[in-house]
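Trainee: Chains as they are written, first to last, in my numbering: chain U, 1 to 328; chain B, 1001 to 1328; chain X, 2001 to 2328; chain D, 3001 to 3328.
Glycine included, C-beta positions come from ideal geometry on N, C-alpha and C.
Note that this is a predicted model, so its numbers are computed, not measured.
Below is one structure. I have some questions about it.
Number of protein chains: 4
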Amino acid sequence: MDIAIIGASGFTGGDLIRLLLLHSKAEVTCATSRSEEGKPVSSVHRNLKDLTDIKFTNPDIENLDADFAFLAVPHTAAMKYAGQLKERGIKTVDLSADYRLSKDIYESTYGVEHTCYFEAPYGLPELHREVIKGADFVANPGCFPTGATLAAAPLAKLAHTIIYDSKTGVSGAGVNPSKTNQYTNVADNLTAYKWTSHRHLAEMRQEAKFLGSSAKCHFTPHLLPVNRGILTTAHILLNEPLTQEEVEKLYQDRYKNEFFVRLQNPSLGGVRGSNFCDIGVESEGTRIVAVSAIDNLVKGASGQAIQNMNIMCGFEETDGLRFGPVFP
Amino acid sequence: MDIAIIGASGFTGGDLIRLLLLHSKAEVTCATSRSEEGKPVSSVHRNLKDLTDIKFTNPDIENLDADFAFLAVPHTAAMKYAGQLKERGIKTVDLSADYRLSKDIYESTYGVEHTCYFEAPYGLPELHREVIKGADFVANPGCFPTGATLAAAPLAKLAHTIIYDSKTGVSGAGVNPSKTNQYTNVADNLTAYKWTSHRHLAEMRQEAKFLGSSAKCHFTPHLLPVNRGILTTAHILLNEPLTQEEVEKLYQDRYKNEFFVRLQNPSLGGVRGSNFCDIGVESEGTRIVAVSAIDNLVKGASGQAIQNMNIMCGFEETDGLRFGPVFP
Amino acid sequence: MDIAIIGASGFTGGDLIRLLLLHSKAEVTCATSRSEEGKPVSSVHRNLKDLTDIKFTNPDIENLDADFAFLAVPHTAAMKYAGQLKERGIKTVDLSADYRLSKDIYESTYGVEHTCYFEAPYGLPELHREVIKGADFVANPGCFPTGATLAAAPLAKLAHTIIYDSKTGVSGAGVNPSKTNQYTNVADNLTAYKWTSHRHLAEMRQEAKFLGSSAKCHFTPHLLPVNRGILTTAHILLNEPLTQEEVEKLYQDRYKNEFFVRLQNPSLGGVRGSNFCDIGVESEGTRIVAVSAIDNLVKGASGQAIQNMNIMCGFEETDGLRFGPVFP
Amino acid sequence: MDIAIIGASGFTGGDLIRLLLLHSKAEVTCATSRSEEGKPVSSVHRNLKDLTDIKFTNPDIENLDADFAFLAVPHTAAMKYAGQLKERGIKTVDLSADYRLSKDIYESTYGVEHTCYFEAPYGLPELHREVIKGADFVANPGCFPTGATLAAAPLAKLAHTIIYDSKTGVSGAGVNPSKTNQYTNVADNLTAYKWTSHRHLAEMRQEAKFLGSSAKCHFTPHLLPVNRGILTTAHILLNEPLTQEEVEKLYQDRYKNEFFVRLQNPSLGGVRGSNFCDIGVESEGTRIVAVSAIDNLVKGASGQAIQNMNIMCGFEETDGLRFGPVFP
């Protein structure tokens, strides 16, 4: 199956190519980038030298010769391609925020008008697998909401308050240099940012509601001196206390058939480079601490996008994603 | 004034010596270490070469020739020296946990019997300056409770729940090699530990109570890939909502005369090597996020101990501590 | 093909298991560890949870049921197993130093008696592929000599002096906690060690000689704050000057058929987790700077061991090793 | 004494202010920055909040009210201020490259015309203290040449070849975001850059010549994942072999009266934040390895500039610089 990646010069584009090298049925045949047009992909993603010989092209959906597309462009850019891809019948996973929320909430959260809205399944397979199966366009979740929602899901209905305290690696700040991702501002350091106003909170609330929860959700992210990974500490306040055993059973029951969710003491190093979400949980009565660890570029972006593709296309869900995290 | 440091081979001992080099009235004349006895202090604290020529000696309180002592030994070891120091009339700051809590709570928290209990002021000057002034023995607070309590203090009385989500640098794990402080387990990584059961929680609860708060306090620490520093994100749930302006005013009023508390966007880099505690606060109505940053070895240990010494001895409170953080 | 890993609880053991998960013909069925006997492999190598269900066993060569073995034990331990493995006809790659050098040089370099000496090919495929093909026991090179020798090989005959200035990640210091690999001693830091006396120098000299070089070889390693990787800067002093073009041609000619050697500006990030050795070269007349980057646990250990296995067994040389480095 | 810092918004400007806070005779009363004009210095150098209340001004040499000036602007900018400062009789240390080299070598090295050339002492006090004493304008050395020259100086006359293999922290790349100092390009990584062509080599050669050496000098820098510090490994090839004892004596003799040079096993952590240069040396016969460690922003820039000021003004040479490095 021929794959096109629209917007392939960033970190998620690079990881899509890296991961698809291991896929048994898919091959990246088109990688677009306006700024890098004509250059070999491996001149930008130098880790991939000799593993791919394709060159960046200008995005041209009309003449796109591909069976499946990944949109790895920023929000508002994705909506410019989405309609055309739909029309042409090219199945698509969109890694941007453009189709994750209802039109209203999207527009108020991102402060822009949505010029090409339609409904798309929210591509968190552990919650929405059935609707993803039949879809030809899936909205890949944000990196923070992926780890946060998986951490809290088994308890969401029982909680009155959920506080997500997340810590993210620097690759989440993108591939362009800025004060935010400058080494001297990040290394041997830690900061909180968007303490109460990060846009990913809208997705967390949407998914909590989907899970039947009426809990108040809060979210504070922090910028860590690591390259990859998001660790989310979910402080979950329950209406009624639960014992450690009861809590563990809820998590085991919910995730026992989920290959990519592993119930063990989570650490960023333990999932580095992989599509796993490791989750642990500890009860303090009415307050539960649930911690999840993901690689923000894999389970938080490109790996989950491939997982969605596999489900959409009827492939083995783990195809291309069944390899070990790199530790240390 | 001649200073003795009992237990001077660890990180806090090293930083006490480093900081006291800048003090106008104090000089370290005795540094004890059983394991390093006879060696020059600068052969262990190699950063201090040519800045001090004293040698480690065996601790011998009976013959100690010093005007002031710092106990920088582990908990349970401090109580072995404390009584003798008191008897000899040597003013002392104890950096261990042995005198921070009531006897009951100490014994249940640390699971040991206290064999030499007496009451001592809790050496957080921003809360207890007046009783420190007259004291000849002060219990220096734990690193986590220092940052956590300062972050929440202005709101403690108004809260029903306070969740401290703290992130600490590796020097907090001490100077002896272990799996916990091994580079390959920490670098490019993040983990939570003692998710609901860290012993410092007892101090946080004690101080919240002192502040007139009846809030439930919770605490989850994380181990960061940084050398120094603790960033504490206090998620404070209020009974009644407060606006951003109201919250800011509460913090300004409480800290306007505190040299070592600076109200600005906190980061570990911004306080590195210094005695400052930087605090920021943001309102989301009934949930307030207050974030504090300290250097765990300075404001979280040795610097605060010197601040206490200054108060106990009637020196300028900032003597030896009025220098800039090292950034980047 | 059933694979046994003797000494599987360390970093190289972990990476052998991780890498062999991707191999089309090999499966790890035995992993030994005296200290971890009976525990699931994934309880030690937690990154591999749900990817392998084998348990550590005690090493028992006599009853070993395997087609191929990797010795991932320290030097002097390997020689205790090597003879028995040979007798039993189990093809083996030894990752220790025990069979890399002649008996004389081994004994003088390592200061121990070799109690089970025999000759074995030096498993650097780019130099010794032909003899590896027919071998049933191969000595896998040291991590430093791999990167150093590949960096200098095309110029070795033309040089009178080669100075290898290497910088290694912390995983090279092994899996047990020590002052050397303690976070606070390594992070935000850099040190040189064994400035003139590192034992790997003996391998570098042996390989230079094999290449027909009479150059004096020197070696100084440094400990970097990174998890994985060795960057070697080879300062090569020539008898006669060479232009940039001439030098580049020598490298292109030597490595044009080597999949795992890529001629591009090397960085540790660009090879992380992979079996690639990236090499760059720049001429300053009679002084040439050649720089190589490898992942010390992969091309410097476990990946190269699998590459050797592939050659010994007639498999595709890149089987299990044809995947992209993880960047960033 | 009133101090003006021309170009005070960068890292060296920030460290000048930080360090001068500890000086007994100097006070920064003017800090210029075109881009930050009008803002409090501590709004840019947030580590200095509450330690200084001055604001950035536009540079205006004509009306400058200061007793001493530091030029902390880029090369070519410094020459625009230097003449006027001289005319006005304001003693000055220039941290740029503009007055470090002869006019010819400067112009060929930097590829620009020098529009205001005059001779100035090269401000490496350990080599040029006497001429600095009487000077009213001193050229502060580059960061790399400082560490490199101090490492090799005692052996320079005896060497035929010196290869400086240097490893620098990221603050050397300046305060503006770029691909070079982007976290994801540097962290858990290592690269060499300007392998044979770095401009600082001209200073190294000039100083070797000053020391009476006819050795060929070479230089290759590397970019390290650390904030501060330069470790230089000098591979020194001698005409005649020297024993370890002979070499050590040469270093002891040369540096026995130099407070800021400490002969001990060097590490970046051991000098962090301080003006020390730690040097170690090991003999391998005709090849000597000498390693130096400095903080690139202190001994490699701002600290050395203050050391020069102290000498020029007849102050105690260590005034403001006699404090301990921050470790860990």
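Under 8 Å, do D:S3197 and D:N3296 count as touching if we go by C-beta distance?
Mentor: No.
Trainee: Let me check one thing: in DSSP terms, what residues is X:Y2164 bridge-paired to?
Mentor: X:F2219 and X:A2234
Trainee: Ends of the alpha helix (DSSP H) at X:T2184?
Mentor: Counted as a single uninterrupted DSSP element, the alpha helix (DSSP H) harbouring X:T2184 occupies residues Y2183 to V2186.
Trainee: Determine the chain B residues that contact U:R287 at a beta-carbon separation under 7 Å, and present them in chain order.
Mentor: H1218
Trainee: Just grab the DSSP bridge partners of B:D1136 for me.
Mentor: Partner(s): none; B:D1136 has no beta bridge.
Trainee: Can you list, in chain order, the stretches of the alpha helix (DSSP H) that have 4 or more residues and sit fully within the region 3235-3262 of chain D?
Mentor: 3244-3255
Trainee: Less than 8 Å between the C-beta atoms of D:A3031 and D:G3013, yes or no?
Mentor: yes
Trainee: With a threshold of 8 Å between beta-carbons, can D:Y3193 be considered close to chain U, or not?
Mentor: no
Trainee: Using three-state DSSP, classify X:L2211 as helix, strand or coil.
Mentor: coil
Trainee: Write down the C-beta distance between D:A3293 and D:V3271 rounded to the nearest angstrom, noting that I regard them as a contact closer than 8 Å.
Mentor: 5 Å
Trainee: Kindly list, in the order they appear in chain B, the residues whose Cβ is closer than 7 Å to that of U:L158.
Mentor: Going along chain B, no residue has its Cβ under 7 Å from U:L158, so there is no contact; the nearest lies around 17 Å.
Trainee: Among residues of its own chain, excluding the 5 on either side of X:A2151, which ones have a beta-carbon nearer than 7 Å to its beta-carbon?
Mentor: T2232, A2234, I2279, A2290, V2291 and S2292
Trainee: Is there a Cβ of chain U sitting closer than 8 Å to that of B:V1226, yes or no?
Mentor: For B:V1226, the answer is yes, since a Cβ of chain U falls inside 8 Å of its Cβ.
Trainee: Could you name the residues of the same chain whose beta carbon sits closer than 6 Å to that of X:A2004, not counting the 5 residues immediately before and after it, in chain order?
Mentor: C2030, L2064, A2066 and A2069
Trainee: Can you find a C-beta in chain B that's less than 8 Å from the C-beta of X:V2186?
Mentor: yes
Trainee: Just checking my contact of U:G273 with U:V298 at CB under 8 Å: how many whole Å lie between their CB atoms?
Mentor: Rounded, the Cβ-Cβ distance is 7 Å, consistent with contact.
Trainee: Return yes when the Cβ of U:T168 is within less than 8 Å of the Cβ of U:I230, no when it is not.
Mentor: yes
Trainee: Counting only C-beta atoms, is B:P1040 closer than 8 Å to chain D at any point?
Mentor: no
Trainee: Should B:D1050 and B:P1040 be called a contact, given that it needs their Cβ atoms to be closer than 8 Å?
Mentor: no
Trainee: So X:N2140 and X:A2305 are in contact, right, with Cβ under 8 Å, and what is the actual spacing, rounded?
Mentor: Correct: roughly 5 Å between the Cβ atoms.
Trainee: Just to confirm, is the Cβ distance from U:V281 to U:Y255 under 8 Å?
Mentor: no
Trainee: Which residue from X:I2162, X:A2202 and X:N2275 puts its Cα closest to that of D:L3237?
Mentor: X:I2162
Trainee: Label X:S2096 either buried or exposed according to how many other C-beta atoms from any shown protein chain fall within 10 Å of its C-beta, with 16 as the threshold for buried.
Mentor: buried
Trainee: Please name the residue, chosen from U:E248, U:N257, U:L223 and U:E258, that lies closest to U:N349 on a Cα-to-Cα basis.
Mentor: As displayed, chain U neither begins before 1 nor continues past 328, which places residue 349 of chain U out of reach and without an answer.
Trainee: Going by DSSP, what residues sit across from X:V2028 in a beta bridge?
Mentor: X:I2003.
Trainee: Looking at chain X, is there any beta carbon in it that lies within less than 8 Å of the beta carbon of D:G3300?
Mentor: So no, D:G3300 is outside the interface.
Trainee: Specify the secondary structure class of X:D2065 as computed by DSSP and reduced to three states.
Mentor: Three-state result, X:D2065: coil.
Trainee: Please report the Cβ distance between B:S1267 and U:T184, rounded to the nearest whole angstrom; I am assuming they are in contact, meaning their Cβ atoms lie under 8 Å.
Mentor: A Cβ-Cβ distance of about 12 Å is found for the pair B:S1267 and U:T184, leaving them out of contact under the 8 Å criterion.
Trainee: Taking the beta strand (DSSP E) that B:V1281 falls in, what are its first and last residues?
Mentor: Segment C1277 to S1283, the beta strand (DSSP E) holding B:V1281.
Trainee: Taking beta-carbon pairs under 7 Å, can you tell me which members of the region 3170-3183 of chain D lie near chain U?
Mentor: V3170, S3171, P3177, S3178, K3179, N3181, Q3182 and Y3183
Trainee: If B:I1017 and B:A1008 are in contact, beta carbons under 8 Å, what's the gap, nearest whole angstrom?
Mentor: 7 Å
Trainee: Can you list the residues of chain X that U:K49 reaches, using a CB-CB cut of under 7 Å?
Mentor: R2262 and Q2264
Trainee: Between D:F3259 and D:T3318, is the Cβ-Cβ spacing less than 8 Å?
Mentor: yes
Trainee: Go ahead and label B:T1109 buried or exposed: buried means 16 or more other beta carbons lie within 10 angstroms of its beta carbon, across all protein chains shown.
Mentor: Under this definition B:T1109 is a buried residue.
Trainee: For U:P325, return the contacting residues in chain X, with the cut-off set at a CB-CB distance below 7 Å.
Mentor: N2047
Trainee: What does the Cβ neighbour count give for U:T243, buried or exposed, with the cut at 16 atoms within 10 Å?
Mentor: exposed
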